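In the order they appear, the protein sequences are chains A and B.
Numbering-wise, the numbering used here comes out as the position in the first sequence, counting from 1, plus 1025.
Numbering-wise, the numbering used here comes out as the position in the second sequence, counting from 1, plus 2.
All C-beta atoms, glycine included, are put in the ideal place defined by N, C-alpha and C.
No experiment lies behind these values; they were computed from the predicted model shown.
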Amino acid sequence: MTNIITATNIHRSFGEGPLKAHILKGIDVTVEQGEFVAIMGKSGAGKSTLMYQLSVLDEPTSGDIEINNVCVSQLSENERTAFRLNTLGYVFQNYALVPDLSAEENVMLPLLMAGQTWEQARARAHHSLDNVGLDGKYRNLPSTLSGGEQQRVAIARALSGKPKIIFADEPTANLDSVSGTQVIELLARLHRENNQTIVMVTHEREYALGCDRIIHMEDGLVTEIEQLT
Amino acid sequence: MRALRIGFLLGFRQIQRANFWTTALIIFVMMLTFLNLIAVSGILVGLIVGSERSFQEQSSGDLLITPLDNEDKILQTETIIRTLDTIPEIVSYSVRYQQGGQVTANYQTRRDFTIDPNTIGARIQGIDPISENQVTNLSRNVVEGEYLNPDESGYILIGALNLKRYTAGFADISGTLEDLFPGDTVRVSVNGATREFTIKGIVNAKAGDVASVIYMPELELRRLSSSVSRDADAIAIRLVDGSNSTGLAVQNILLEQGLGEFAKIRTFQEALPKFLTDIKNTFSILGTFIGAVGIIVASITIFIIIFINAISRRQQIGILKGIGIDKRAIEVAYVLQSAFYALLGSLLGVLVTYGFLVGYFDRNPIDFPFSDGILVADPTQTLYRFIILFIITLFAGFIPAWLIVKQNTLNSILGRK
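What follows is the structure, given as structure tokens:
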């Protein structure tokens, strides 16, 4: 298997002088193509910060990250935005849907940005929504959907552009256990059926058990890599 | 193009899903701004335009012939009149003769000779009542009594500004006549000769000096002053239309015929009293200043609205950037909202201005001391001001959006400063 993510000696610190906080203290991580990886750790361990570096939402203070054979550290702001659009998909813990857009329009947004026509984007959005069990709710505004349904719309949006990697930042954090389990099962199914690479941050072990590997973090360092499959 | 498409989708949906009353309030503010821009300066200028219109219609006519600067009278008046008769564009003209004189009111009832007689100095104008009425509709300005009848003798019209009850004490310097009404008699003295006249009517108007003159038939004035000269003091000319181009054309004809050697021949605009043109310019500047303040207020309003809108959606903006939406698309969404507010507000402003205000002020002019003010809303000027308002509004919408969009993506998503 080939590595789709290779992060080498990643450091991330915030602030200056005596207030400087060193959150990531030299992390080396690789993720293979088609792998489902969970990042776990206690609050403040640096797991979300690591995911922001890997998902090109933030820039490390030092270190190199190569994703899909592209050294993202060298990309400009606009190139990073285009890279995120074309290569990555995101699922945030607060769903992060545009409240004024319907479910289908939320899913269509990155597709339209990628250059698809309205009809193409709509067809793909419907397909993605069907795939996450939201057929018949295309026109619903996010406010009319439950938390679990909103998170599934977010997953459909992340999936619709057929990204190389999906990053999920505590996707079950705002959901009840039933909805949380459904979301995790949905991610696991996408991984199984499509060989989708997924990197997920979670602090609940039961949700991480369906992954291929768990990266354990503590105090800004990787303390253990647990191979599950 | 993609950014534009996404921007339109985001902007359109934000407008569509926004609170109706909030949107209505913003559009109402934009409409008031537009009205402030158009109507306030339009009314200020309209006060003077109304005065100019009155001057043209009631005093000067479309062309006015007056003595040369170094002369007291129009030279070769008869020659000029003969020439005027040959020009088809001239509908009518009124030859005016003028003398300084005195008018005494209480000479019949004054018993106490220690009290000053009720006398004023006045300009007495000899006119042909029919011609004058054709040019200036003087009879319409008779507010009490009747207009002069050319077949009658011994009657005058008296300008209202010569009467105390019309001036409300504002004519203390020149003096006014008290307790005079149509049918009363006054003594008029010119060049040492005095004669008794009956007041036929009282003339009042806001144009030029229409209300400050004593009018009598030209023949009566000639008899009273024993003047043999036929040279006039003014000739007011009414043309087939009151347009500036016709006025200039006839002026050129008269000048080409050499009449410029005998008198000053001016269009009504050229003959406007200087204070009117000065006030017009001042009001125009004032109107522009008030309009500029209005634009600044509008742009700040839009800036604040868009800024609050964008800052309250900062996390959403961050997420949009996070999932790969071009920042220009997000900026377009907010600029589109500004454009929507400006467009709809201006459209309503145009409807109110041309559908209601212009007509209303035409029917109910503002009663200003020297004019009846109307609302002047030149469509070209309105278009220019709309374009200015629109462009400034776009900038006012773009800047806050740009400020928010340029923030760090992750900080926006996490709500960090």
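- Interface with chain B (9 Å Cβ-Cβ cutoff): A/GLU1174 is excluded.
- It is roughly 31 Å from the alpha-carbon of B/GLY147 to the alpha-carbon of B/TYR362.
- Boundaries of the alpha helix (DSSP H) harbouring B/ARG55: 43-57, taken from the DSSP string.
- Counting along the chain, B/ALA265 sits inside no alpha helix (DSSP H), nor does DSSP assign it H or E at all.
- Put simply, the segment 307-318 of chain B touches the segment 392-404 of chain B. At least three CB pairs are less than 8 Å apart.
- Under the criterion of beta carbons closer than 8 Å, A/THR1222 and A/GLU1060 qualify as touching, at roughly 6 Å.
- Under a criterion of Cβ atoms nearer than 9 Å, the residues of chain B adjacent to A/THR1106 are, in order, LYS323, GLY324, GLY326, ILE327, ASP328, LYS329, THR411.
- Between the segment 228-238 of chain B and the segment 72-86 of chain B, the count of C-beta pairs closer than 8 Å reaches three or more; the two stretches touch.
- Below 8 Å, enough C-beta pairs join the segment 1073-1090 of chain A and the segment 1185-1203 of chain A to call them touching: three or more.
- Nearest to B/LEU274 by C-alpha distance, out of B/LEU37, B/GLN60, B/THR35, is B/GLN60.
- Taking A/PRO1135 as the centre and dropping the five residues before and after it, the same chain places the C-beta of LEU1110, ARG1182, SER1185, GLY1186 closer than 7 Å to its C-beta, in chain order.
- Contact between A/GLU1243 and A/ALA1070 is confirmed by a C-beta separation of about 5 Å, below the 8 Å threshold.
- At least one CB of chain B lies nearer than 9 Å to the CB of A/VAL1123.
- In the structure shown, A/LYS1072 falls within a helical segment according to DSSP collapsed to helix, strand and coil.
- For A/GLU1195, the number of other beta carbons within 10 angstroms of its own is at least 16, and it is reported as buried.
- Neighbours of A/TYR1163 in chain B, taken as residues whose beta carbon is under 8 Å from its own, are absent, since the nearest beta carbon is some 15 Å off.
- By the Cβ rule, the segment 192-210 of chain B counts as touching the segment 42-60 of chain B, because three or more pairs are nearer than 8 Å.
- C-alpha of B/THR25 to C-alpha of B/LEU34: approximately 14 Å in a straight line.
- Excluding five sequence positions before and after A/GLN1252, the CB atoms of its chain that fall closer than 6 Å to its own CB belong to ARG1238, given in chain order.
- For A/ASN1156, no Cβ of chain B is located within less than 9 Å of the residue's own Cβ.
- If you ignore the 5 residues before and after B/TYR336, its C-beta comes within less than 8 Å of the C-beta of GLY13, ILE308, ASN311, ALA312, GLY399, PHE400, PRO402, ALA403, all in its own chain and listed in chain order.
- What B/ILE8 touches in chain A, judged by beta-carbon distance under 9 Å, is LEU1134, LEU1137, MET1138, going in chain order.
- Beta-bridge partners assigned by DSSP to B/MET218: B/GLY128.
- Apart from sequence neighbours up to five positions away, the residues of its chain that approach B/VAL42 with a beta-carbon distance below 8 Å are GLY289, ILE292, GLY293, GLY296, ordered along the chain.
- Taken atom to atom, the span from the alpha-carbon of B/VAL190 to that of B/ALA251 is near 41 Å.
- The Cβ atoms of B/LEU159 and B/LEU140 lie closer than 9 Å to each other.
- Beta-bridge partners assigned by DSSP to B/ARG197: B/VAL190.
- Among the CB atoms of chain B, one or more fall inside 9 Å of the CB of A/ASN1103.
- Taken in chain order, the members of the segment 1064-1087 of chain A whose beta-carbon sits within less than 7 Å of a beta-carbon on chain B are TYR1077, LEU1082, ASP1083.
- If you draw a straight line from the Cα of B/ILE415 to the Cα of B/LEU322, it is about 9 Å long.
- Apart from sequence neighbours up to five positions away, the residues of its chain that approach B/ILE28 with a beta-carbon distance below 7 Å are ILE307, TYR343, ordered along the chain.
- Selection B/ILE89, B/GLY347, B/GLN18, B/SER62 evaluated against B/LEU257 yields B/ILE89 as nearest (Cα-Cα).
- Judged by DSSP secondary structure, B/SER340 falls within the alpha helix (DSSP H) whose first and last residues are 329-354.
- Think of a sphere of 7 Å around the beta carbon of A/GLU1195: no beta carbon from chain B falls inside it, the nearest being about 13 Å out.
- Taking a C-beta distance under 9 Å as the contact criterion, A/TYR1120 and A/ASN1199 qualify as a contact pair.
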